[in-house]
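Asks: Residue numbers (numbering that gives the first Met the number 0), protein chains in the order written: chain A, 0 to 188; chain B, 0 to 234.
Backbone N, C-alpha and C fix where the C-beta goes; we use that ideal spot for every residue, glycine too.
All values derive from a computational prediction rather than experimental measurement.
Quick one: the structure is below, and I'll ask about it shortly.
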Amino acid sequence: MEQEAQLVQQCLQGDGSAWEELVRQHSRRVFNICYRFTGNRTEAEDLAQDVFLRIYKTLGSYRSAYGGFATWMTSVTRNLLIDHYRRTKRDRITDSLDDAMPVVENKASSARRPDEQALLGELSSQVQSALTRLSPELREAVILRDLQQLDYSEIQTVLAVPEGTVKSRINRGRIELARILQQMGVRPS
Amino acid sequence: MTWTCEQTELLLTDYLDGLLQPEQQRAFDLHVNSCERCTPLVSSVTHAIANLRALPELETPPRLVYNILDATLGPRETVTGWAAVRAWVRSLASPRFAYGSISVAATLVMLITASGFNWKKPKLADLSPVKISRNTYRKANVLYGQGTKYVSDLRVVYEIQSRLRQDNELPTNNENTVPESAPQKEPGRTDGTNPSTPRQQNRANDATTHLQVLAEELPVLSGKLSLVLIEGRTR
Numbered sequence: 000m001e002q003e004a005q006l007v008q009q010c011l012q013g014d015g016s017a018w019e020e021l022v023r024q025h026s027r028r029v030f031n032i033c034y035r036f037t038g039n040r041t042e043a044e045d046l047a048q049d050v051f052l053r054i055y056k057t058l059g060s061y062r063s064a065y066g067g068f069a070t071w072m073t074s075v076t077r078n079l080l081i082d083h084y085r086r087t088k089r090d091r092i093t094d095s096l097d098d099a100m101p102v103v104e105n106k107a108s109s110a111r112r113p114d115e116q117a118l119l120g121e122l123s124s125q126v127q128s129a130l131t132r133l134s135p136e137l138r139e140a141v142i143l144r145d146l147q148q149l150d151y152s153e154i155q156t157v158l159a160v161p162e163g164t165v166k167s168r169i170n171r172g173r174i175e176l177a178r179i180l181q182q183m184g185v186r187p188s
Numbered sequence: 000m001t002w003t004c005e006q007t008e009l010l011l012t013d014y015l016d017g018l019l020q021p022e023q024q025r026a027f028d029l030h031v032n033s034c035e036r037c038t039p040l041v042s043s044v045t046h047a048i049a050n051l052r053a054l055p056e057l058e059t060p061p062r063l064v065y066n067i068l069d070a071t072l073g074p075r076e077t078v079t080g081w082a083a084v085r086a087w088v089r090s091l092a093s094p095r096f097a098y099g100s101i102s103v104a105a106t107l108v109m110l111i112t113a114s115g116f117n118w119k120k121p122k123l124a125d126l127s128p129v130k131i132s133r134n135t136y137r138k139a140n141v142l143y144g145q146g147t148k149y150v151s152d153l154r155v156v157y158e159i160q161s162r163l164r165q166d167n168e169l170p171t172n173n174e175n176t177v178p179e180s181a182p183q184k185e186p187g188r189t190d191g192t193n194p195s196t197p198r199q200q201n202r203a204n205d206a207t208t209h210l211q212v213l214a215e216e217l218p219v220l221s222g223k224l225s226l227v228l229i230e231g232r233t234r
């Protein structure tokens with residue numbers, strides 16, 4: 000954590016290599032959060048780039064007392080993802096209507112890049128699909144807890160909600176995800 | 000402590016994260032084990048979490064870092080002049096370049112040796128294309144001749160060995176088939192002994208041994224002979 004604070008300090012003094020180091024250290028995590036939230040690789044890449052642009056501009060507002068740099072970065076990522084979700088809500092309503100039709104759903108899945116398809120595998124693809132069908136509040140809580148392995152206090156910091164709400168969202172998110180997976184035919188063996 | 004299905008649903012995450020009090024834990028287990036509604040719920044949520052955690056972490060797209068750096072620090076400066084030459088020379092010191100160079104050098108040494116170049120007495124004339132092609136052609140011919148001869152020798156050896164094996168097996172079969180109670184007597188023999196033993200049998204064994212030695216030596220002898228013949232022909 001001290002090393003990161005030092006890197007941030009160097010960045011603020013105009014050290015480009017320190018900024019490059021920060022980007023290299025955190026780009027994978029930010030990209031993964033964006034991908035799990037959106038379920039779209041290109042969108043996730045653009046969003047991850049936007050996250051780092053925002054971090055670069057607001058780096059001066061980071062205080063180590065706020066928590067680790069990673070937590071702060073996750074918080075920025077989450078805020079940007081929610082902004083993006085709200086901005087694109089109209090498009091998604093149309094998409095969700097399309098998703099109700101199985102033919103269109105198949106068409107959407109076949110439009111995914113072949114390397115992406117091979118990478119995810121069928122089960123991973125189904126789990127990702129179920130994840131993107133959760134409401135954004137439940138989705139972000141589940142992603143932070145079960146994919147990013149953050150503890151409750153870190154999630155509380157990132158989401159800026161009380162711990163009880165964090166627990167409740169994680170709980171509801173997991174139950175809802177299990178229900179969607181069952182609907183999709185993914186059952187416990 | 001009484002436990003309801005609503006409590007199970009509400010405190011499922013606490014249960015799965017091990018945050019329940021021991022008494023609550025016991026009541027939860029008791030209820031879930033006997034409730035038709037809660038048993039599949041706990042099972043499916045546990046399964047969903049396991050599936051989530053098994054999702055692979057994706058690699059960062061290669062261009063993402065460069066795009067971010069370009070967007071924040073500005074496009075990277077292109078190096079020109081002596082600085083570019085120095086950077087190129089520095090890049091030669093990388094292990095990948097060293098491995099590549101070694102493998103290329105080893106391949107060249109093998110090819111030059113195969114073309115008949117004498118490393119002990121190197122001559123510049125040996126590296127002329129005409130000489131290299133002539134040497135390569137000659138070596139290829141010699142190799143082809145050796146190979147063909149070796150294969151035909153092997154065929155002869157196998158044929159001899161199979162015939163010897165047949166010869167060895169035949170008397171044994173005869174002894175087994177001919178009844179002992181009716182020995183055939185030859186004219187002039189009154190003692191009733193077997194005509195092929197022991198002296199005639201010893202002679203047959205000697206002949207077999209000689210043929211086997213000949214069969215084993217044949218590839219070497221014929222190989223040498225073929226080499227002499229081929230070299231004479233190429234000269």
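I need the straight-line Cα distance from S128(A) to V185(A), nearest angstrom please.
Replies: Cα-Cα distance, rounded: 12 Å.
Asks: Contact defined as beta carbons within less than 8 Å: I believe L52(A) pairs with A70(B). What is the distance between those atoms, to the nearest angstrom?
Replies: About 6 Å; that satisfies the 8 Å criterion.
Asks: What in chain B is Cβ-close to S26(A), meaning under 8 Å?
Replies: Under the 8 Å cutoff, chain B gives T59, L63, V64, I67.
Asks: Against chain A, with Cβ distances strictly below 8 Å, would P55(B) count as a contact?
Replies: Taking Cβ atoms only, chain A reaches closer than 8 Å to P55(B), which makes this a yes.
Asks: Would you say E19(A) reaches chain D, if we count a Cβ-Cβ gap shorter than 8 Å as a contact?
Replies: Going by chain labels, chain D is absent from the structure shown, which instead holds the protein chains A and B.
Asks: Between the alpha carbons of D28(B) and W2(B), how many angstroms are there, rounded?
Replies: Each residue's alpha carbon lies about 10 Å from the other.
Asks: Please report the distance separating the alpha-carbon of R28(A) from that of L11(A).
Replies: Distance between the alpha carbons of R28(A) and L11(A): 22 Å.
Asks: Mind reading off the beta-carbon distance from L158(A) to V165(A)? Whole number of angstroms is fine, and I expect it under 8 Å.
Replies: Correct: roughly 6 Å between the Cβ atoms.
Asks: Touching or not, the stretch 9-25 of chain A and the stretch 46-53 of chain B, by the rule of three or more beta carbon pairs under 8 Å?
Replies: Touching, no, given that fewer than three Cβ pairs across the two stretches are closer than 8 Å.
Asks: For the alpha helix (DSSP H) containing N66(B), name the first residue and the last one.
Replies: From DSSP, the alpha helix (DSSP H) with N66(B) extends over 61-72.
Asks: Are the Cβ atoms of K138(B) and A113(B) separated by less than 8 Å?
Replies: It is a contact, given that the beta carbons lie within the stated cut-off.
Asks: How close, in whole Å, do the beta carbons of L40(B) and E8(B) come, if the pair is a contact with beta carbons under 8 Å?
Replies: Right, the Cβ-Cβ distance comes to about 7 Å (below 8 Å), so this counts as a contact.
Asks: Leaving aside the five residues before and after R168(A) along the sequence, list all residues of the same chain whose C-beta is less than 7 Å from its C-beta, in chain order.
Replies: Cβ neighbours of R168(A) beyond the five flanking positions: E136, L137, A140.
Asks: Name the chain B residues that come within less than 9 Å of L180(A), Cβ to Cβ?
Replies: Chain B residues near L180(A): S43, H46, A47, N50.
Asks: Between A97(B) and chain A, is the shortest Cβ-Cβ distance under 8 Å, so that the two count as touching?
Replies: No - not a single Cβ of chain A is within 8 Å of the one on A97(B).
Asks: Does the CB of S108(A) have a neighbour CB from chain B at under 8 Å?
Replies: Caution is warranted here: a pLDDT of 45 is assigned to S108(A), below 50, making its placement in the model unreliable, and the coordinate value is therefore given only provisionally. By this cut-off, S108(A) is not an interface position.
Asks: Could you name the residues of chain B that S123(A) contacts, counting a contact when the two beta carbons are closer than 9 Å?
Replies: Here the neighbours are N50, A53, L54, P55.
Asks: What did DSSP end up calling K120(B) once you bin it into helix, strand or coil?
Replies: Coil.
Asks: State the start and end residues of the unbroken alpha helix (DSSP H) segment that holds L11(A).
Replies: 1-11 is the span of the alpha helix (DSSP H), which, as asked, contains L11(A).
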